[in-house]
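Student: Keeping their order, the protein sequence lines are chains W and S.
For any residue, its number in this note's numbering is found by taking its place in the first sequence, counting from 1, and adding 1.
For any residue, its number in this note's numbering is found by taking its place in the second sequence, counting from 1, and adding 1216.
Idealized CB from N, CA, C, for every residue including glycine.
Sharing a structure here in structure tokens format.
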Amino acid sequence: MSALSRDDVAHLAMLARIDLSDAELDRMLGELGVILESVALVQQAPIAAVEPMSHPLPLVNVSRPDVVRPSLTPTDALSGAPEVELQRFSVPRILDEE
Amino acid sequence: MTDLTDLTRLSASALADALARREVSSVEVTSACLDRIAAVDGDVHAFLHVASESALETARGVDARRARGEALPTLAGVPIAVKDVMTTRGMPTTCGSKILQGWVPPYDSTVVAKIKAAGMPILGKTNMDEFAMGSSTEHSAYGPTRNPWDLGRIPGGSGGGSAAAVAAYEAPLATGTDTGGSIRQPASVTGTVGTKPTYGGVSRYGLVALASSLDQAGPVARTVLDTALLHEVMAGYDPMDSTSINAPVPGVVEAARRGDVSRLRIGVVKELGGEGYQAGVRTRFEEAVQLLVDAGATVVEVSCPSFVYALAAYYLILPSEASSNLAKFDAMRYGLRVTPDGDPSAEQVMAATRDAGFGPEVKRRIILGTYALSSGYYDAYYGSAQKVRRLIADDFARAFTTADVLVSPTAPTTAFAFGDKIDDPLAMYLNDVATIPANLAGLPGMSLPSGLADEDGLPTGIQVLAPAMADDRLYSVGAALERALEARWGGPLLHRAPELTTSRKEA
Chain W
2 MSALSRDDVA HLAMLARIDL SDAELDRMLG ELGVILESVA LVQQAPIAAV EPMSHPLPLV
62 NVSRPDVVRP SLTPTDALSG APEVELQRFS VPRILDEE
Chain S
1217 MTDLTDLTRL SASALADALA RREVSSVEVT SACLDRIAAV DGDVHAFLHV ASESALETAR
1277 GVDARRARGE ALPTLAGVPI AVKDVMTTRG MPTTCGSKIL QGWVPPYDST VVAKIKAAGM
1337 PILGKTNMDE FAMGSSTEHS AYGPTRNPWD LGRIPGGSGG GSAAAVAAYE APLATGTDTG
1397 GSIRQPASVT GTVGTKPTYG GVSRYGLVAL ASSLDQAGPV ARTVLDTALL HEVMAGYDPM
1457 DSTSINAPVP GVVEAARRGD VSRLRIGVVK ELGGEGYQAG VRTRFEEAVQ LLVDAGATVV
1517 EVSCPSFVYA LAAYYLILPS EASSNLAKFD AMRYGLRVTP DGDPSAEQVM AATRDAGFGP
1577 EVKRRIILGT YALSSGYYDA YYGSAQKVRR LIADDFARAF TTADVLVSPT APTTAFAFGD
1637 KIDDPLAMYL NDVATIPANL AGLPGMSLPS GLADEDGLPT GIQVLAPAMA DDRLYSVGAA
1697 LERALEARWG GPLLHRAPEL TTSRKEA
């Protein structure tokens, strides 16, 4: 496993939508390297023929009867919104200029 | 008659009895807790929000219903503190994060709804590491909680606020959540009791998720019986949580009242102890095991060889799930929105907001999780971790063929000083080395005090683990041990905690 580069961390930060400053990037690079080296221990466990386990319980789909039931009012649903317009969430532009 | 000279010192169970006998009113009990919070929380900082008005309103309502002769739930009128990771309608919920500063949820989590239905006044919301990521509360965006045993030391985390609130007699009960030890480790370092129930035993609806396959809410208190009483209130099937177990709640209260360990087989986990564990932690643990033998239990040593990989697997699985769960903090529907200059796109607003709103540990784990899940590395990291998880569950299954419960020290050390581990993420992660395996396997676990370490005079904890849905066994062992230890100590361990300075006269 090759070590993470600064560009790798910048790319991961972009994927995670966190606008890290240069100082944060530098710090994160060192810390992630140490953590990754440590957690790579999992690769040394005797796991060759082991079935992965994603969850402590067997997961089953649950459904409910298709009937109307009480839910949040529009006022409640919008109560925490940073910006509201016409009883809707108001968001910044989603497309680039070009 | 109960001794009612200081209501804040009484157990929830004693308060419930006194309330039922009408020797005291819920308004009196709730006021006593609120006064205590006003007096000591400037130093302890267990609370992020104190809800005096609504707590007293609930208390008045319960008193009125009792006066009318209504049949009330056991804990009706007994106040409680709620960890700030559980949504509370009309009361702020921040998860210790700036990104949720001032957010008032429009709905109650199921746990909070159950607490309200039980007639329990909610005193306020307790401090925590941001989004439950940490073992010290130093990662709270609102400043750390201080350990009532020594204000220069950490109260554990992430639920340090809840543990400190009960240890400082600000509340008889509190709620917690435990993803890798966030209920048990704070209990251990504050001399209190806390249980992580079986995964699926308590609804996760309305709990702001950290790692959905690991998170489990549970009770925090000063005694084993109080913990059981709250466990019973919080637990039970909830159709709003697809992972909720549709089965009766284990008989935790009955088990806590009996505290019977005769002929119980207690397994000491070889891998959770020894090197890396503080001498005083080990000594108190060994004495506790002997007391259980004296009470009629038998001891076997069990080996769980895969536990050495648990910490590594956990710090891949948790960040992976967290990176996905925390994607919802996108500055669009609720929470903080930071708008950079110019005419920024939604994506730029999102990235600026998440940089300003998340603290360093949250960013670290999100980016680590993003990496572990990225194509090309998925199999090597997340995939391998999931296989280790299976090995750990298999180790537990094997151990439970020879033992009815397993025991270990809860945390490797007593409370450490602020700043000791904040700049070393790996050292911080090691606090949870003994508690993490139970989360990976979904099993119930409890921590209760085992004494004070000789070298520093600070509380040490013992952890009890049981098979899934055998939560009652935790309480059998916990109650038996608590009884034996308190007989030795001449009273509860918390009686030895130093008196906190009060900033104003208590009522």
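Take the Cβ of W/I95 as the centre, count every other Cβ of all protein chains shown within 10 Å, and call the residue buried at 16 or more, exposed below.
Tutor: exposed
Student: Residues in its own chain within less than 7 Å of S/R1553 by CB, not counting five upstream and five downstream?
Tutor: A1547, V1565 and T1569
Student: Using beta carbons (cut-off 8 Å, strictly below), is W/P59 in contact with chain S?
Tutor: Any Cβ of chain S closer than 8 Å to the Cβ of W/P59 would place that residue at the interface, and such an atom is absent.
Student: So if DSSP puts S/M1307 in a beta bridge, which residue, or which two residues, is it bridged to?
Tutor: Answer by DSSP bridge pairing, in chain order: S/T1304.
Student: Based on Cα-Cα distance, which residue from S/F1632, S/R1438, S/G1396 and S/T1629 lies nearest to S/T1528?
Tutor: One point to set straight first is that residue 1528 of chain S is Ala, not Thr, in the sequence displayed. Residue S/G1396 is the option with its Cα nearest to S/A1528.
Student: Do you know offhand how far S/S1536's Cα is from S/S1666's?
Tutor: Taking C-alpha positions only, S/S1536 is separated from S/S1666 by approximately 35 Å.
Student: By the 9 Å beta-carbon criterion, what residues does the region 1426-1443 of chain S contribute toward chain W?
Tutor: Across the region 1426-1443 of chain S, CB contacts with chain W closer than 9 Å involve S1428, S1429 and L1430, in sequence order along the chain.
Student: Put S/R1362 into one of helix, strand or coil per three-state DSSP.
Tutor: coil
Student: Could you pull the DSSP bridge partners for S/G1677 from this structure?
Tutor: S/P1665
Student: My assumption, with CB atoms under 8 Å, is that S/A1609 sits in contact with W/M54. Please give the rounded CB distance.
Tutor: 6 Å
Student: Alpha carbons only, please: which of S/L1584, S/V1469 and S/T1555 is nearest the one belonging to S/A1686?
Tutor: Per the C-alpha coordinates, the member of S/L1584, S/V1469 and S/T1555 positioned closest to S/A1686 is S/V1469.
Student: Can you tell me whether W/L16 is helix, strand or coil according to DSSP?
Tutor: It is helical.
Student: When you compare the CB positions of S/M1344 and S/G1312, do they come within less than 8 Å of one another, or not?
Tutor: yes
Student: Closest by CA to S/G1335, which one among S/V1256, S/T1290, S/W1365 and S/V1240?
Tutor: S/T1290
Student: Taking 8 Å as the CB-CB limit, is S/Y1421 close to chain W?
Tutor: no
Student: Helix or strand or just coil, what does DSSP make of S/G1372?
Tutor: coil
Student: So which residues of chain W does S/F1347 contact, with C-beta pairs closer than 9 Å?
Tutor: Listed along chain W is no residue with a C-beta nearer than 9 Å to that of S/F1347; the closest approach is about 14 Å.
Student: Which residues in chain W sit within 8 Å of S/L1607, going by Cβ to Cβ distance?
Tutor: Within chain W, the C-beta atoms nearer than 8 Å to that of S/L1607 come from A46, P47, I48 and V51, in chain order.
Student: Just list the residues that DSSP pairs S/V1484 with in beta bridges.
Tutor: S/E1517 and S/V1623
Student: Could you tell me the alpha carbon to alpha carbon distance between S/A1234 and S/C1249, rounded to whole angstroms?
Tutor: 16 Å
Student: Taking beta-carbon pairs under 7 Å, can you tell me which members of the region 1641-1654 of chain S lie near chain W?
Tutor: P1641 and L1642
Student: Can you say whether S/N1462 is buried or exposed, counting buried as having 16 or more other CB atoms within 10 angstroms of its CB?
Tutor: Burial call: exposed.
Student: Using a beta-carbon distance below 8 Å, is W/E32 in contact with chain S?
Tutor: W/E32 has a beta carbon lying within less than 8 Å of a beta carbon in chain S.
Student: Taking the C-alpha atoms as reference points, what is the distance between S/L1622 and S/A1682?
Tutor: 6 Å
Student: So what's W/T76 in DSSP terms, helix, strand or just coil?
Tutor: Three-state result, W/T76: helix.
Student: Which word fits S/H1261, buried or exposed, when buried means at least 16 other C-beta atoms lie within 10 angstroms of its C-beta?
Tutor: buried
Student: So what's W/R7 in DSSP terms, helix, strand or just coil?
Tutor: If DSSP states are grouped into helix, strand and coil, W/R7 belongs with the helices.
Student: Compare the C-beta of S/G1602 with all C-beta atoms of chain W and state if any pair is closer than 8 Å.
Tutor: The sequence given here has Gln at residue 1602 of chain S, not Gly. So, interface residue.
Student: Tell me whether S/F1501 sits in a helix, a strand or coil according to DSSP, three-state version.
Tutor: In the three-state DSSP reduction, S/F1501 falls in the helix class (H, G or I).
Student: Name, please, each residue of chain W whose Cβ falls closer than 7 Å to the Cβ of S/E1354.
Tutor: Neighbourhood of S/E1354 in chain W, by CB distance below 7 Å: empty, with the nearest CB roughly 16 Å away.
Student: Can you look up S/V1320 in the DSSP assignment and give me helix, strand or coil?
Tutor: coil
Student: Taking the straight line between their C-alpha atoms, what separation do you get for S/Y1415 and S/L1223?
Tutor: 34 Å
Student: State the Cα-Cα distance for the pair S/P1464 and W/L26, rounded to the nearest angstrom.
Tutor: 50 Å
Student: Reducing DSSP to helix, strand and coil, say where W/M2 ends up.
Tutor: Reliability of the predicted coordinates at W/M2 is poor, the pLDDT of 46 falling under 50, and no value is obtained from them.
Student: Counting C-beta neighbours from all protein chains within 10 Å, is the total for S/S1591 16 or more, i.e. buried, or is it exposed?
Tutor: exposed
Student: Below 8 Å, how does it come out for the region 1360-1378 of chain S and the region 1402-1416 of chain S: are there three or more Cβ pairs, yes or no?
Tutor: Here the region 1360-1378 of chain S makes contact with the region 1402-1416 of chain S; the two share three or more CB pairs at distances below 8 Å.
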